[in-house]
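Have a look at the structure below, then the notes.
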Amino acid sequence: MNFLKQACLQAFVFVCELITYFILTPRWNPDDKWTRFFMTTTAWVCVHMFDGIITISFNKEFIQTVFKGIRIKDLSDQHNHATKENSTNWAIHSARI
Numbered sequence: 043m044n045f046l047k048q049a050c051l052q053a054f055v056f057v058c059e060l061i062t063y064f065i066l067t068p069r070w071n072p073d074d075k076w077t078r079f080f081m082t083t084t085a086w087v088c089v090h091m092f093d094g095i096i097t098i099s100f101n102k103e104f105i106q107t108v109f110k111g112i113r114i115k116d117l118s119d120q121h122n123h124a125t126k127e128n129s130t131n132w133a134i135h136s137a138r139i
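The numbering used here applies: residue 43 is where the sequence shown begins, and numbers increase by one.
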C-alpha cells in the first residue's frame, strides 16, 4: 500500500511540474524572462527534490540504515537509566556516611 501512495504522490508532483512548465509558463509575458526562467528552472529543481524526499520517506530500509541505532525512546531510556543510577549511587553513598 505504501508503494501505491508513493507512486501517486510522485506522479502528482510531476504533473504539477509539467503543468507549470508547459501550460503556465508559455502564457506568461514573454518579455519577463526572469520570471519565466524561475518558473521553469525552479519547477524542474523542486520536482526532483520532492521526488527524492518522497522516495526516502517511503523507504523504511533506507531510513533504518541512515538512522541506525538512533531512536528517541532509546535516548530517553538511557537518560532515565543514568538518572536512576546516579540517585542509587547517591543513596548508597549517603548510607555509608
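Every residue, glycine too, gets a C-beta built ideally from N, C-alpha and C.
Status (buried if at least 16 other CB within 10 Å, exposed otherwise) for residue i
i    : result
E103 : exposed
V87  : exposed
V108 : exposed
Local conformation of residue i per DSSP, three classes
i    : result
W70  : coil
F109 : coil
N101 : coil
Neighbourhood of residue i by C-beta distance below 6 Å, restricted to the same chain and skipping five residues each side
i   : result
Y63 : T82, A85
Close-in-space but distant-in-sequence residues of the same chain around residue i (CB under 8 Å, 5 per side omitted)
i   : result
F79 : none
D93 : Q52, V55, F56
I96 : Q48, L51, Q52, V55
W70 : T77, R78, M81
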